[in-house]
DNA sequence: CTGAAAGCGCTAACAC
DNA sequence: GTGTTAGCGCTTTCAG
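Protein chains in written order, with the numbering used here: chain Z, 1 to 333; chain B, 334 to 666.
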């Protein structure tokens, strides 16, 4: 059904070696021969098997991308730029969504290895470091994205989370908010953002209570739920720093159903600057991650590691940027 | 670096055939042997190569998914449910974003074939049907998603676009709007939605002018641009039916910057019911596609076609559902 | 119960 | 210039 190199060779009256050479544009041969073989390949609609060639030592020209949730706009936007950049370099991308699920993380990591990806981009928090160590020990190039290297000496790319947390909080603080709740994720990046949040308080001569730190998993629904909890626990913040846009949107929605006016009654700042930040009303004030640049960079890095193994590992930090829209305002309480 | 079946066999003191049997849980052997081999595999962190096994005729347990734009929430949400469902069935998914680009469409289709995917889900409009024919002629199972079969007898899954267009328009009409502009995409699905739009007009005893039909590519920016054009061309609609949420959001945003009040001055209805529809203010009235069910269904179908080739091809239509939120209201002009 | 051996489609020396 | 051949890692009869 599917033509092989043998079919082409036979039809062209040459050996498979010759065909292989024209496939890979290597070796030498009469131009006429090359042309003829090409024509036959065309006519037979022949497509060389990547599996077979991968088996003989060549790469698969495939990158694995692990994200916690592809339906989170931050990751789908990231995935898009990664795909684009990868394809510019002739590589394709296998995207796997781990759902923050330890089982799946393990399963997909193994799958990607079994599929002989040339390199992996891990943008998932990875609750089980051992799996990652396995990858590293095999010499499979990989880089961490938006999450730090968890100890293994791997190159990692992320935004400066500490700074981002600091700026988000400072913005709120500078508008007179004194009672600021932070809603974080369970990820490493959130830890740093929390420290930034703490540091900003310290710099303003304030101490933030541990009770102002909430944690959840990124989703609109969880954002809503979280706001409910916050009020249930008797906190009455005038400002909320949500560690990503999804949560921030949930907070906005719940605040509205609770009858709160934004930003008059409650200021909200998000993180990521995804498409969502532009669609809410008022527009969501947020800390932008340079998604496009980060995506491009991560691809460039992984490709250079693939070509040139054992490169020095770096820790690349991108600069977060405060984007002021309409969900934050001076505190008037 | 990476252990092979030979390494395992040697370490276990058996032949590779035996190892193969334990990998695949086939054949018969002493339980002790099976156990011992398993332990060795574990210890060596052995992972059988899918490439090698694929070469010997087995499937790759991989599905290809082609979408026009993974950063469009409709497709990323769809991708997520597809991934989930596929993984439940032990299959993984390679997602490719074609960018509505003819070159890429071709490139990715070829790539997926060269990677020996077991089946393909095509959710991209496919400007070049010939490429698709190539796939079909090779006997590679594939199904079309959200776009119809363009002539080849393939099973396709989509929402009832005609009905969706009809209902969206009817809703606007029933609220007294007489001057309704439709913003469509260049896809087949949009064609049907336009017919639905026309039919709704006819049923209300109205004729819609050809000049009320605009076309663009799905993106917020294009939605904004489109609204500008609409007014530039002197149309002053009281209702706008955008063929997807992304465009609808763009229209909302632009309308606001133009100083229009929504829904007082302009009613807007979208299509898809993605996350975006819930984040705008007011919430976007839209036609919901049952993304989750469609995603599950498409996976089930492709898997059953893989198992059981030459099945009868069907055309499966899902029911669209009108979700009324805040962007539509009675016409008061 | 376990192993030997023939491929799967392709690449890369090495011959001719 | 072009062909022969030995693998790549695994599956699958078919012997033993």
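Every residue, glycine too, gets a C-beta built ideally from N, C-alpha and C.
Taking its Cβ as the centre, do 16 or more other Cβ atoms sit within 10 Å of residue i, making it buried, or is it exposed?
i, result
"residue 361 (chain B)", "exposed"
"residue 529 (chain B)", "buried"
"residue 203 (chain Z)", "exposed"
"residue 339 (chain B)", "exposed"
"residue 657 (chain B)", "exposed"
"residue 253 (chain Z)", "buried"
"residue 193 (chain Z)", "buried"
"residue 56 (chain Z)", "exposed"
"residue 256 (chain Z)", "exposed"
"residue 523 (chain B)", "buried"
"residue 294 (chain Z)", "buried"
"residue 186 (chain Z)", "exposed"
"residue 24 (chain Z)", "exposed"
"residue 456 (chain B)", "buried"
Got a sec: is the Cβ-Cβ distance from residue i to anything in chain Z below 8 Å?
i, result
"residue 645 (chain B)", "no"
"residue 606 (chain B)", "no"
"residue 639 (chain B)", "no"
"residue 429 (chain B)", "yes"
"residue 371 (chain B)", "no"
"residue 378 (chain B)", "yes"
"residue 658 (chain B)", "no"
"residue 425 (chain B)", "yes"
"residue 513 (chain B)", "no"
"residue 401 (chain B)", "no"
"residue 446 (chain B)", "yes"
"residue 467 (chain B)", "yes"
If you run the structure through DSSP and keep just helix, strand and coil, what is residue i?
i, result
"residue 608 (chain B)", "helix"
"residue 492 (chain B)", "strand"
"residue 321 (chain Z)", "strand"
"residue 286 (chain Z)", "strand"
"residue 98 (chain Z)", "coil"
"residue 75 (chain Z)", "helix"
"residue 403 (chain B)", "coil"
"residue 82 (chain Z)", "helix"
"residue 386 (chain B)", "helix"
Any Cβ of chain B within less than 8 Å of the Cβ of residue i?
i, result
"residue 279 (chain Z)", "yes"
"residue 248 (chain Z)", "no"
"residue 242 (chain Z)", "no"
"residue 201 (chain Z)", "no"
"residue 120 (chain Z)", "no"
"residue 1 (chain Z)", "yes"
"residue 138 (chain Z)", "yes"
"residue 71 (chain Z)", "yes"
Which residue comes first and which comes last in the beta strand (DSSP E) that contains residue i?
i, result
"residue 145 (chain Z)", "142-145"
"residue 648 (chain B)", "648-651"
"residue 590 (chain B)", "That residue, residue 590 (chain B), is in no beta strand (DSSP E); its alpha helix (DSSP H) goes 578-590."
"residue 181 (chain Z)", "180-184"
"residue 242 (chain Z)", "239-242"
"residue 455 (chain B)", "452-455"
"residue 546 (chain B)", "546-548"
For residue i and residue j, what's the separation of their Cα atoms in angstroms?
i, j, result
"residue 394 (chain B)", "residue 425 (chain B)", "6 Å"
"residue 268 (chain Z)", "residue 332 (chain Z)", "14 Å"
"residue 26 (chain Z)", "residue 90 (chain Z)", "18 Å"
"residue 436 (chain B)", "residue 201 (chain Z)", "53 Å"
"residue 221 (chain Z)", "residue 146 (chain Z)", "23 Å"
"residue 75 (chain Z)", "residue 39 (chain Z)", "42 Å"
"residue 238 (chain Z)", "residue 259 (chain Z)", "14 Å"
"residue 100 (chain Z)", "residue 144 (chain Z)", "15 Å"
"residue 644 (chain B)", "residue 308 (chain Z)", "48 Å"
"residue 314 (chain Z)", "residue 447 (chain B)", "34 Å"
"residue 175 (chain Z)", "residue 208 (chain Z)", "16 Å"
"residue 405 (chain B)", "residue 128 (chain Z)", "31 Å"
"residue 386 (chain B)", "residue 392 (chain B)", "8 Å"
"residue 450 (chain B)", "residue 397 (chain B)", "6 Å"
"residue 417 (chain B)", "residue 69 (chain Z)", "11 Å"
"residue 573 (chain B)", "residue 513 (chain B)", "5 Å"
"residue 464 (chain B)", "residue 317 (chain Z)", "42 Å"
What are the start and end residues of the alpha helix (DSSP H) that includes residue i?
i, result
"residue 563 (chain B)", "553-565"
"residue 64 (chain Z)", "Taken as a continuous stretch (DSSP letters only), residue 64 (chain Z) belongs to no alpha helix (DSSP H), being part of the beta strand (DSSP E) at 62-67."
"residue 29 (chain Z)", "From DSSP, residue 29 (chain Z) is part of no alpha helix (DSSP H); its letter is neither H nor E."
"residue 526 (chain B)", "521-536"
"residue 89 (chain Z)", "Neither: residue 89 (chain Z) is in no alpha helix (DSSP H) and is coded neither H nor E."
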